[in-house]
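Quick notes on the structure that follows.
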Amino acid sequence: MDGAGARADALVLFGITGDLAAKMVLPALYRLVRDGFPLGRIVGVSRGGRTLDDLRQHARKAVEAQGPVDDAVFAEFAGLLRLAAVDYDDPDSFQSIVAEVADRRFLAHYLAIPPDRYAETAQALAAAGLNERARLVVEKPFGRDLASARALEARLTRCFPAEEVRRVDHFLGKDAVESLLTFRAANTLIDRTLHRDAVRSVQVFGIEDLDVEGRGGFYDDTGCLRDVVQNHLLQTLAMFVMETPETNAAEDVVAERVRALRAFRTVTPEDYVRGQYEGYRDTEGVRPGSTTETYAALRLFVDTERWAGVPFCVQAGKGLAATATEIVVELRSPVPASRLTRAVADAPPDLLRLRLEPDAGVTVQLLAAHGPWPALPAPSAELVDGVAAAADFPHLTGSNVTAYERVMAAVMTGDTRRFASMRAIEECWRVVGPLLDLPDPPIPYRKGSDGPAEAARLTPGRHWYTPAP
Ligand SMILES: NC(=O)C1=CN([C@@H]2O[C@H](COP(=O)(O)OP(=O)(O)OC[C@H]3O[C@@H](n4cnc5c(N)ncnc54)[C@H](OP(=O)(O)O)[C@@H]3O)[C@@H](O)[C@H]2O)C=CC1
Ligand SMILES: O=C1O[C@H](COP(=O)(O)O)[C@@H](O)[C@H](O)[C@H]1O
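To convert a position in the sequence shown, counted from 1, into the numbering used here, add 1272.
See below:
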């Protein structure tokens, strides 16, 4: 496969007993087995205290939590599982992994463990010779800022060749995100419309009605900007604004995505509003008096021929009124050159909504005459109605597990397009750099609301659209 490298015939899964593995990775691996993907051996790595039988039962529960389980498929999946116990402070203990993979041709090590363990785990793998004929895959977050991301990359690439390091951003595994590019490139109507000549502004939503749930400790150290904006939403936006790559080969797609990110202007604190939902500080693991943001809204510009001057208003957060990932394109109003267009100047603008989640599709909101013209011509805004035409893309509406299925397949094949490249990560940190760790307190907002009203000032019409119901 292009952009891939060697195909792994064994997966070494660090953190197999953890939250991410239970919610996403194990169910995704089960589905890959069900779909006939040749996974090879799966060596779960844990600090111990479990038997292989425990692990299989744990995997069964994780898979069952995501839907019906086929016993025969599960038996095949469970048959691939092995268990290795390690002590992360004792590199010699990594020999337990060596024993499980001795006969394998190429390894994929997947680190689903706390990020502060990535570098020393890579070192221990190298000390055990497990960096030979091997790929290293790390989960997000990749660093806390540009400097720490570069420092982490330097430590990882001392142990593994740079071309065998992969950094997960599961939004790049989402069908609907990947399809943004195809959708535009394949449709002249859309491609021609998505241009500064026609677009007044773009709003990008990554909002969730859920709160931080049981992840208070993790979230309080991270915040909304680092959790979803620096990575998922900027990568999604890059997929939206990028030009069509020369070919569909992974290296061309990755390079074009980076080119797009390089054109993102660094955001200044004036173009940023952060909020915190009321009650957040009562969450277990959250520091008393925490100023971590659970909401982030920002305005950025993309300095390309296509997008120059168009404001991109990004909004993300938890504890909000709805859960949706959506790009709302606000089109310019007609030039008021005639009586008719002057009369509709105050009517709402046309919108193109690219819905990514929960249901993928496109909704177009247009204006049309709302009834027969009266006998006396008196064109006014009252003669115009908003109409919406929606097309659903059910084939692109996948669960998060589906996204992880694609990510885990790419972990095995190495396909670079479904990962964040180091260049892309650097650009994303650059873009949000001035916004990280600001001292001012976040603006409180009510749980279940649309977030702080103050954020409206970031949009040209002082108004955020509501993602399509
Ligand atoms: N949970 C989520 O929804 C998401 C998580 N991620 C990322 O995935 C990775 C794993 O996250 P998550 O599963 O939530 O993490 P967990 O806190 O659940 O930890 C995962 C596993 O790592 C092992 N572990 C825990 N602490 C340590 C430690 N100090 N040193 C070494 N191993 C340790 C434990 O396994 P054992 O005791 O068996 O050794 C644990 O089950 C992180 O990088 C996270 O940022 C990314 C996106 C979403
Ligand atoms: O990585 C993360 O992403 C999820 C949102 O992803 P989705 O696939 O569920 O839309 C977010 O809830 C979580 O806080 C973050 O760590």
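Backbone N, C-alpha and C define an ideal beta-carbon position, used for all residues, glycine too.
Computed from a prediction, not measured in an experiment: that's the story for all the values here.
With hydrogens ignored, establish whether the beta-carbon of L1292 is closer than 7 Å to any heavy atom of ligand 1.
-> Distances from the CB of L1292 to the heavy atoms of ligand 1 include at least one below 7 Å.
If we call anything under 8 Å between Cβ atoms a contact, is F1286 one with Y1382?
-> yes
Does the segment 1591 to 1605 come within contact of the segment 1619 to 1626, defined as at least 3 CB pairs closer than 8 Å?
-> With the rule of 3 Cβ pairs closer than 8 Å, the segment 1591 to 1605 counts as touching the segment 1619 to 1626.
Taking DSSP as the reference, what is the three-state secondary structure of F1221?
-> Residue 1221 cannot be examined here, being either before or after the span of the chain that is shown, 1273 to 1741.
Return the chain-ordered list of same chain residues with a C-beta closer than 6 Å to the C-beta of L1730, the five sequence neighbours on each side being excluded.
-> Excluding residues within five positions, the ones whose Cβ falls inside 6 Å are A1569, R1571, C1585.
Closer than 8 Å by C-beta to G1581: which residues in its own chain qualify, once you throw out the five before and the five after it? Chain order, please.
-> R1468, F1573
Between which two residues does the beta strand (DSSP E) carrying I1479 extend?
-> 1471 to 1479
CA-CA distance, E1248 and L1304?
-> Nothing about residue 1248 can be reported from this structure: the residues present for the chain run from 1273 to 1741 only.
Opening and closing residue of the alpha helix (DSSP H) in which S1368 lies = 1367 to 1373
With a threshold of 16 other CB atoms inside 10 Å of the CB of D1274, please say whether the residue is buried or exposed.
-> At D1274, the pLDDT of 45 sits below 50, so the modelled position is not reliable; the number obtained from the coordinates is stated separately. Answer is exposed; the Cβ neighbour count stays below 16.
Does the Cβ-Cβ distance between K1412 and V1373 come in under 8 Å?
-> no
Hey, how far is the Cα of R1487 from the Cα of R1427?
-> Using only the alpha carbons, I get a separation of about 27 Å.
So, using beta-carbon positions, are I1479 and Q1587 closer together than 8 Å?
-> For I1479 and Q1587, yes; Cβs fall inside 8 Å.
C-alpha distance - R1328 paired with G1723, whole-angstrom precision = 42 Å
Please state if the CB of E1436 and the CB of R1407 are separated by a distance shorter than 8 Å.
-> yes
Is there contact here, the segment 1446 to 1462 with the segment 1504 to 1516, by at least three beta-carbon pairs under 8 Å?
-> yes
For the alpha helix (DSSP H) that Y1302 lies in, which residues bound it at each end?
-> 1298 to 1306
Specify the secondary structure class of M1273 as computed by DSSP and reduced to three states.
-> The pLDDT assigned to M1273 is 42, lower than 50, so where the model puts this residue is not dependable; a value taken from the coordinates is nonetheless given after this. In the structure shown, M1273 sits in coil (DSSP, three-state: anything other than H, G, I, E or B).
Let me know if E1629 comes out buried or exposed under the rule of 16 or more other beta-carbons within 10 Å of its beta-carbon.
-> Classification for E1629: buried.
Write down the C-beta distance between F1443 and T1508 rounded to the nearest angstrom, noting that I regard them as a contact closer than 8 Å.
-> 6 Å
Secondary structure, alpha helix (DSSP H): runs of 4+ residues fully inside the segment 1657 to 1720 | 1672 to 1685, 1694 to 1704
If you drop the 5 nearest sequence neighbours on each side, which residues of the same chain put their C-beta closer than 8 Å to that of W1701?
-> G1415, D1417, L1418, A1421, Q1502
Buried or exposed: where does P1583 fall if 16 or more other Cβ atoms within 10 Å of its Cβ makes it buried?
-> buried
Skipping 5 residues on each side, what residues in its chain have a beta carbon closer than 7 Å to that of V1449?
-> F1443, T1508, M1511, L1628
Just how far apart, CA to CA, sit K1446 and R1614?
-> 42 Å
Three or more C-beta pairs closer than 8 Å, one from the segment 1667 to 1674 and one from the segment 1396 to 1404: is that the case here?
-> no
Return the bridge partner residues of V1437 from the DSSP annotation.
-> L1408
C-alpha gap between A1384 and A1609, whole angstroms = 59 Å
Please confirm whether V1539 and L1355 have their CB atoms less than 8 Å apart.
-> The beta carbons of V1539 and L1355 sit no closer together than 8 Å.
Report yes if the C-beta of E1629 is less than 7 Å from at least one heavy atom of ligand 2; otherwise report no.
-> yes
Would you call P1732 buried or exposed, if buried means 16 or more other Cβ atoms sit within 10 Å of its Cβ?
-> exposed
Residue from A1532, A1593, D1483 whose Cα sits closest to the Cα of D1554 | D1483
Beta-carbon proximity of I1625 to A1740, cut-off 8 Å = Here residue 1625 turns out to be Arg, not Ile, going by the sequence shown. Contact: yes.
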